[in-house]
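*Asks:* Under my numbering, the residue at position 43 of the sequence shown is numbered 892, and the numbers go up by one with no gaps.
All C-beta atoms in this analysis are idealised placements derived from N, C-alpha and C, irrespective of residue type, glycine included.
Handing you a structure now.
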Amino acid sequence: MSKVLILNGPNLGRLGSREPEIYGSADFAELTSHVQAKASALGLTADVRQTDSEAELIKWLHEAVDTGSNVILNPAAFTHYSYATRDAAALITKAGLKLIEVHLSNPHSREEFRHTSVISGVATGVIAGFGVGSYLAALDLVA
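Below is the structure:
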């Protein structure tokens with residue numbers, strides 16, 4: 850089975866209780882369960898992780914390059930300003946791997962500061978606004 854890293858940035862560990870009207874009612878464990886089930890059905894192994902630490906997220910992106918793993922990335926708040934995360938994410942596509950940026954909500958329908966992604970320009974593609982379905986669609990594209 851091919852391994853895909855599903856990497857999640859700050860505050861996503863609070864899913865289910867954090868603004869469910871925006872991010873949905875599924876908690877992080879439910880998101881993980883849906884993603885792993887879909888990945889398995891596609892013949893993939895999904896390694897789902899979440900961190901509030903920018904340094905840890907960057908370390909995981911480096912790991913993806915070193916292990917030849919495709920990445921589905923929800924950078925959360927790092928989307929809008931983290932050039933360090935962007936530079937690490939760029940290594941994924943430069944290595945010939947897929948990097949799909951995902952978001953539960955549609956950032957373009959929200960506050961103006963959320964309209965800019967420093968990650969999108971180095972990603973293979975972006976899927977946003979479909980809740981957990983954003984991750985599931987990204988898995989289809991990786992497979």
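#1: Compare the beta carbon distance of Ile941 and Gly974 with 8 angstroms and say whether it is the shorter of the two.
#2: How would you label Tyr984, buried or exposed, when you count the other beta carbons within 10 angstroms and need 16 or more for buried?
#3: Please check the pair Thr934 and Leu906, which I expect to be a contact at CB under 8 angstroms, by giving their CB distance rounded to whole angstroms.
#4: Rounded to whole angstroms, how far is the Cβ of Ala913 from the Cβ of Leu946, which I believe are closer than 8 angstroms?
#5: If you count every other CB in all the chains shown that lies within 10 Å of the CB of Gly970, and 16 or more means buried, which is it?
#6: Would a C-beta distance cut-off of 8 angstroms place Leu864 and Phe877 closer than the cut-off?
*Replies:* Answer, in terms of the structure:
#1: no
#2: buried
#3: 6 angstroms
#4: 7 angstroms
#5: exposed
#6: yes
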